[in-house]
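Per our numbering, residue 115 is the first one in the sequence shown, and the count goes up by one each step.
Note sheet for the following structure.
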Amino acid sequence: MRLRDVRAGDVEAYVRMRCDPVMMAELGGPLPRDRVEARLRKDLSLVAADASWIRMIVPDGAADDEAVGTVTLWSDQEDGVTVSEIGWMVLPGYQGRGLAKAAVRQVLDAAAEDGRWGEVHANPGAGNGPSNGICRALGFRLLGERDLDFADRVLRTNHWVVVPGEHLGSGTD
């Protein structure tokens, strides 16, 4: 598995991930295509400004344009405080192979080296066993459940936090 920055040609990968009812079940349901295309344009500008890390997940042996998921690290405002947050998704046919876990680990390793992100929060759906398992396996600390606004929707999430460099960044589990 390798990671690369998002690029303009990733529109179809974004659509496969964000317009699919299965993929978006824990995120309030599928988004309309026009919102996804607008999101990609915004993401490209955030990456160009080095304001967010938006990495596409490419399986071993796949062509560089065959992204099957994404992992994103960004800053957001929460109660007037800037916080860093990480999120990920992998297409259903590629789930269960450890791609998301490896991708999250790589981004956290890079964040530890970079040093600017501070504590990193993750907010997987409260019922999303695999994503909560990734948080647990990588050393995130569970702060509890909470309601979170996402794409004009309110989601019930588990709130996790980790300090990059203190996560389980090396070895296998």
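Every residue gets a Cβ at the ideal spot worked out from N, C-alpha and C, and that includes glycine.
Bear in mind the structure is a predicted one, so any value in this text is a computation, not a measurement.
Item to check | Beta-carbon proximity of N242 to E259, cut-off 9 Å | outcome: no
Item to check | Contacts around D190, its chain only, beta-carbon distance under 7 Å, and the 5 residues preceding and following it disregarded | outcome: V197, E199
Item to check | Reduced DSSP secondary structure (H/G/I, E/B, other) of D174 | outcome: coil
Checklist entry - Can you tell me whether DSSP reads G123 as helix, strand or coil? => result helix
Next on the checklist: Please report the distance separating the alpha-carbon of P244 from that of R155.
Outcome noted: 29 Å
Next on the checklist: Under DSSP, the alpha helix (DSSP H) around R219 begins and ends at which residues?
Outcome noted: 213-228
Item to check | Coarse secondary structure for G247, derived from DSSP in three states | outcome: helix
Checklist entry - Grouping DSSP H, G and I as helix and E and B as strand, with all else coil, what is S159? => result helix
Checklist entry - Which residue from W167, D164, R116, A127 puts its Cα closest to that of D174? => result R116
Checklist entry - Within this structure, are the beta carbons of V275 and V234 separated by less than 9 Å? => result yes
Item to check | N-terminal and C-terminal residue of the beta strand (DSSP E) that F254 is part of | outcome: Neither: F254 is in no beta strand (DSSP E) and is coded neither H nor E.
Checklist entry - Are V182 and Y208 touching if we call contact CB-CB under 9 Å? => result yes
Next on the checklist: Taking 6 Å as the limit between beta carbons, can you name the residues of its chain near D157, skipping five residues before and five after?
Outcome noted: V120, I168
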